[in-house]
Each structure stands twice: as structure tokens, then as C-alpha cells.
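See structure below.
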Amino acid sequence: MAEIGLLLKAALPSLPVVGQLPGVRKAPLEGFTGLTRERPPVTVERDHVDAYAAVCGFPAKDTVPLPYPHMLAFPLHMAIMTDAAFPAPAIGTVHLENSITGHRPIGIGEELAVSASVGAPLPHPKGTVFEFVTTVRAADEVVWESTSTYLRRGRGDASASAGSSFPDARPTGTVWRLPADLGRQYAAVSGDHNPIHLYPLTAKALGFPRQIAHGMWSKARCIAALENRLPDAVRVDVAFKKPILLPGKVELGSSPVEGGYAFALTNPSSGAPHLAGRTTAL
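Residue numbers (the UniProt record's numbering): 1 to 282.
Printed below as a string of C-alpha cells:
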């Protein structure tokens, strides 16, 4: 029931007429300076970590997969996006890029403090972007950070940056077959029940031919494939390109670059890009 309530809160501001009602209407873009949310200290639980690892292709270990703390931050992102003071509806806001910095491995059973904040909007050629910065601390030590860049389409600024670029990554011949229920599997562990990821009918209602994979699943799956080559302190940056339709196939690309690896996911039939990124040793 809580999930349904959150989805309604995320979707209602996008609806004609309803979106202008008091309590639903979003604040204007002009004058928005930012919001911050924190959660009470949370203990990393093995069962949840293992469930996440299984969906994303990581082995079960005594430390968490590098992208896992995003699971702890996602409720804060949604709390900010569904706040009336945040000037864009959550539904229809597109995750463009994500950068994760792991300063050291995080162990099962550690107690973590998680905070997330977003600042003033930034121009983009296709609209406006918002950068959500997450910080995870163990006691007074910053152990993990991320920046998630979200786009709200609209009137853009042709002179603004269109985002990051990455080195080419050679196809490896590794093709992953993704099941139709992958979005539902990832939603069960992540809490991200955006309708575009769940069923053909719910995805079609929002303009997609059928359900699509979560961007953060695609990043996690790439990191899982590279994990045994990455150092304990590492940054992983990605840009999300074309949606991955489910069921479907994707091909992994990977090439060594200075300080790390370039990687990519493409459609094995057409070569269309789904994700591009790189790792950087710290």
C-alpha cells in the first residue's frame, strides 16, 4: 500500500487539472534553491544485500556491491522529488547520468548514515537538469558518494552542456538475455516501482512500447562483470542512452583505458547504445 501511495504522489503532479490542485501542485522552477533529506542510521543487512547481488549478477560476499548504497539513497531521492517544493514531477523525470565513488568496501553489518541533496536546476539542451548528491558515512568517515543527474524535458538551452562523453569500449561478445520480469525483480529489491519498468501496459501508458530495464540495474550489471578488476577505491561514471526494452538482449563492451576501463552496453543486433561509462582508480 505504501508503494501505491508513493506512486500516486509521484504521478499526480503530471496530470492535467489534478496537477494544479493545492497539495499536488509543484512549486515554480524559478527560485528553487534545493532540498536535503536524511534517514536515520541504517544497518546493512545481509539478506537484502544478497537479494540485490543475485538480481544484478554479483557474488555473495561479506562486503556490499559497489552500487548497493544507492538502494539506501533511493527513498531519499523519491522523498525530495515528491516534495511539493521540488519543481518537477517524479514521473517523467529521466535519469541521464550517474557517478559513484567508493572510498573503501562497506561491510555487512556496518551502520551507515545516508543523506541526499539537490541544488538549483541547471540548463540542458533538452530542458533542465537536477543533480542529486548522496553521501554515505560510517561514523565520521565518508565511505561512499554519488551524483545522479535527472532531466526534466522542456525548453532547453542550446549552449548548455549535453553531458559527459566516454572512451569507446570494444564489444566483448558477451550477450546477456534479459527476461520480461527483470524490472519487477529489480523493483522488489530497490523500491523503484516506476510503471515504465513493470509491465507492457503500464509502460505503454507512459509512451514506451513495452517495459524497460532500470538504468541503475544496467550500471550495476556492468560493474558486476568488471568487479574482479576494480580496486577498493574507485569511481564509476555512466551515461544512460537508449532504453533497454524487456525482454531483450544487450552486449557488453569493455576496453582498458588509463586508470581503469571503458565499458558499454549496446543492442547486439543494431549496435544502438544503451549505456556508456568508465571506471577510474582512486
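Think of the CB as a built atom: it goes at the ideal place given N, C-alpha and C, for glycine as much as any other residue. Computed from a predicted structure; not experimentally measured.
Can you have a look at residue i and say buried or exposed, based on whether 16 or more other CB atoms are within 10 angstroms of its CB?
i      : result
Pro195 : buried
Val142 : exposed
Arg46  : exposed
Asp157 : exposed
Thr266 : buried
Pro256 : exposed
Ala90  : buried
Asp140 : exposed
Ser159 : exposed
Ala54  : exposed
Grab me the residues of residue i's own chain with a C-beta within less than 7 Å of its C-beta, minus the 5 sequence neighbours each way, in chain order.
i      : result
Pro243 : Phe208 and Ile212
Leu21  : Confidence in Leu21 is poor, its pLDDT being 45 and thus under 50, which makes the residue's placement too unreliable to answer from.
Pro231 : Ala281
Gly109 : Thr43 and Val44
Lys241 : Pro273, His274, Leu275 and Ala276
Give me the Cβ distance between residue i and residue j, rounded to the nearest whole Å; I'm assuming they're in contact under 8 Å.
i      : j      : result
Gly102 : Ala225 : Not really, about 16 Å apart at Cβ, beyond 8 Å.
Which same chain residues end up closer than 6 Å to residue i when comparing Cβ atoms and leaving out the 5 residues on each side of it in sequence?
i      : result
Ser115 : Glu38 and Thr135
Pro105 : Thr63 and Asp232
Ser148 : Asn98 and Phe132
Ala169 : Gly253, Ser254, Ser255, Ala262, Phe263 and Ala264
Arg221 : Cys56 and Gly57
Ala113 : Pro41 and Arg137
Arg153 : Lys126 and Gly127
Within the same chain, show all residues whose beta-carbon is closer than 8 Å to that of residue i, passing over the 5 residues directly before and after it, in chain order.
i      : result
Leu198 : Gly183, Arg184, Ala187 and Gln211
Ala51  : Ala188 and Val189
Pro75  : Arg39 and Gly191
Have a look at the DSSP bridge pairing and note the partners of residue i.
i      : result
Val175 : Glu251
Asp38  : It is Glu, not Asp, that sits at residue 38 in the sequence shown. Paired residue(s): Ser115.
Comparing the CB of residue i with every heavy atom of the ligand MN, is any distance shorter than 7 Å?
i      : result
Pro200 : For the structure depicted, the ligand MN is absent and the ligand set is empty, with no information on it obtainable.
### Message
For a minimum of 4 consecutive residues, which ranges assigned as the alpha helix (DSSP H) are wholly contained in the segment 67-96?
### Response
Qualifying alpha helix (DSSP H) stretches, in chain order: 69-81.
### Continuous beta strand (DSSP E) assignments of at least 3 residues falling wholly in the segment 191-267
With a minimum length of 3 residues, the continuous beta strand (DSSP E) runs that stay inside the segment 191-267 are 234-240, 248-257 and 260-266.
### Task
Enumerate, from N- to C-terminal direction, the unbroken beta strand (DSSP E) stretches of 3 or more residues contained entirely within the segment 105-149.
As far as the segment 105-149 is concerned, its whole beta strand (DSSP E) runs of at least 3 residues are 111-119, 122-124 and 127-138.
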